[in-house]
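Since the structure comes first, as structure tokens, the remarks are kept for the end.
Residue numbers (this note's numbering), protein chains in the order written: chain W, -11 to 293; chain A, -11 to 293.
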């Protein structure tokens, strides 16, 4: 059974098809501007070069956006959460299969503490408003603790493909921020993005099973792009390694194809992951899933920051 | 039962211990020279900078050592072997678990064709003779076909640890060459080495099971260094990514701790792997294994090139 409203037009069909396809993006990359404009806004934080780069590649790496003290405070809060037994028992917690250590914790942006302060901080939210051309709210947030030595790869995916099919996000008008708390080098499994891939939508065959999120957060089985489409996206664009010291923020467009290799080095990677969505792009019913995902994975209350 | 001769002194004990340890290397890095000398030999191919670098880091990356035509010919020969059903049935062949495609093929240095010619070519063998200070022979050879998208990581190990315990190689007087046939970037799982780690021997707990090589070539379970020792080696040295275009040759000392991350990118990695051992360092009985490994993994006939 599907809850999809038949009267809706699905501009980005996926998981309703039997063969993969690559089709052009139907939404602007920079919103609320004249078409093709990458001019800075008078009150916006991003300059012309940053805007042009984001428009072209879908990725913007900004070193030094957070200072060392702020990074240390966020890092300490993660230590505290990771040591708290009750945190590991929350539904928002994802544990390492082998050790039961905390791997990820969702919905940190309403903690009343440093992560909520971070989500509301204009240093991030102004960038999101600049890119999305409207007020914004937090669609999803989590902290990620990626261990050294045994860090597993995360295969290629477009976040939008999941947010559209499973959460009912109608348009490509959201941006993710990865706030780096440890050094991200090329060798310890940094975010890999296919620059330019945000201008194409890769439709994935398969059908979303019930309660897919219970295992997809560990290993995704539907919504996985095919190898031929991935190779084609790399040919049309290029691979970009998002590296930088602690305090760097990586902004990436919701439809950028991205993933990460595993990490055998001793150097762990920690980040805070925040997704801003436009208040004009509120979630509807899922486009290709039997039911909504929990609120802690996909916020449905649109409260502008 | 062990075939180890009790009268021998084992200078590098491993797999006979219950706790890991890091002890100093007992052999020179550059052989057949005055102690501490990194001066070039009058007839040697390596210059003072290359020798000093290899002595210090254990790794030497030489771009452009093979020309494009030579690379193309080696690549074509791998294509031919990979397409040959009878090759996949040889004991020398290692197949991909999921697809039965050829992953590695051992003992290519006596093929009477391009790989034997490569192993005998002074462009490589002269470097090995320069480093090892004697005539050399091929201890092991193989071709590796590492696919894109699903390339698995290869965890940290010292080759010497295995060659000593399982093959009876007495001293650290061998050098490996990885001849790159495809571009090796930081993002497609290149060789990662811990520069400087060749000056330390990491003893690994555990005991070699019978016929260990039948599964260890897919995934090693003994001879695996512990995380604390690996972190310590990185602190004492540094991580080095061995990248370069096709035709690059990576020379690395037999005791350098190395491994590689997985590879989710579309770009495969192919290489020819050759190990030169000094004729003065012939294999004895295994130091910590119940039986010798097959000749196609560890050559016992010492025939100088």
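We treat Cβ as the ideally placed atom computed from N, Cα and C, and that holds for glycine.
Asked                                                                                                                                : Found
Same chain, Cβ closer than 6 Å to residue 70 of chain A, five either side skipped, listed in chain order                             : 90
Buried versus exposed, by CB contacts within 10 Å (16 or more), residue 38 of chain W                                                : buried
Exposure of residue 307 of chain W, with buried meaning 16 or more beta-carbon neighbours within 10 Å                                : In this structure chain W extends from -11 to 293, so residue 307 of chain W is not present and cannot be described.
Where the beta strand (DSSP E) through residue 144 of chain W begins and ends                                                        : 142 to 146
Neighbour-count burial assignment, residue 24 of chain A, 16 or more Cβ in a 10 Å radius                                             : exposed
Residue from W/273, W/12 and W/21 whose Cα sits closest to the Cα of residue 120 of chain W                                          : W/21
Continuous beta strand (DSSP E) stretch holding residue 195 of chain A: start and end                                                : No beta strand (DSSP E) holds residue 195 of chain A; DSSP gives it neither H nor E.
Buried/exposed call for residue 118 of chain W, threshold 16 Cβ in 10 Å                                                              : buried
Alpha carbon of residue 110 of chain W to alpha carbon of residue 34 of chain A, nearest angstrom                                    : 56 Å
First and last residue of the uninterrupted alpha helix (DSSP H) at residue 223 of chain A                                           : 215 to 224
Residue 138 of chain W versus residue 276 of chain A: straight-line alpha-carbon distance, rounded                                   : 27 Å
Limits of the unbroken alpha helix (DSSP H) element including residue 12 of chain A                                                  : Taken as a continuous stretch (DSSP letters only), residue 12 of chain A belongs to no alpha helix (DSSP H), being part of the beta strand (DSSP E) at 9 to 12.
Cβ-based neighbour list, residue 233 of chain A, same chain, cut-off 7 Å, excluding 5 preceding and 5 following                      : 51 and 171
Inter-residue Cα distance where the pair is residue 262 of chain W and residue -4 of chain W                                         : 29 Å
Cβ of residue 179 of chain A within 8 Å of any chain B Cβ                                                                            : Considering every chain present, this structure includes no chain B. Its protein chains are W and A.
8 Å Cβ cutoff, residue 8 of chain W in contact with chain A                                                                          : no
Proximity winner among A/278, A/219, A/200 and A/36, relative to residue 210 of chain A (alpha-carbon distances)                     : A/200
Three-pair Cβ contact test at 8 Å for the stretch 90 to 102 of chain A versus the stretch 41 to 50 of chain A                        : no
C-beta neighbour in chain W for residue 254 of chain A, strict 8 Å                                                                   : yes
heavy atom of the ligand GTP below 7 Å from residue 163 of chain A C-beta                                                            : This structure lacks the ligand GTP, and indeed carries no ligand of any kind.
Residue 251 of chain A: contacting residues in chain W (beta-carbon distance under 7 Å)                                              : 249
With 16 other Cβ atoms within 10 Å as the buried cut-off, status of residue -11 of chain W                                           : Because the pLDDT of residue -11 of chain W is 35, which lies under 50, any placement of that residue in the model is unreliable, and the question is left without a value.
Touching by the beta-carbon criterion (3+ pairs, under 8 Å), the stretch 171 to 190 of chain W and the stretch 252 to 270 of chain W : yes
Per-residue DSSP class, three states only, for residue 151 of chain A                                                                : helix
Sequence-distant residues of the same chain with beta carbon closer than 6 Å to residue 290 of chain A, five excluded per side       : 125, 267 and 270
Within chain A, partners of residue 137 of chain W - CB distance below 8 Å                                                           : 215 and 218
Three-state secondary structure assigned by DSSP to residue 269 of chain W                                                           : helix
Closest by C-alpha distance to residue 169 of chain A, when choosing among A/43, A/17 and A/60                                       : A/60
Within chain A, the residues that residue 222 of chain W reaches when beta carbons sit closer than 7 Å                               : 254
As assigned by DSSP and simplified to three states, the class of residue 42 of chain A                                               : helix
Any chain A beta carbon closer than 8 Å to residue -11 of chain W                                                                    : Summary for residue -11 of chain W: the model assigns pLDDT 35, below 50, so the residue's position carries little reliability; its value from the coordinates is reported in the next sentence. Not an interface residue.
Proximal chain A residues relative to residue 143 of chain W, where beta-carbon distance stays under 8 Å                             : 252
Proximity test, Cβ basis, 8 Å: residue 168 of chain W and chain A                                                                    : no
Sub-8 Å separation of residue 191 of chain A and residue 9 of chain A beta-carbons                                                   : yes
Contacts of residue 229 of chain W in chain A (Cβ-Cβ under 7 Å)                                                                      : 174 and 175
Terminal residues of the alpha helix (DSSP H) in which residue 203 of chain W lies                                                   : 201 to 204
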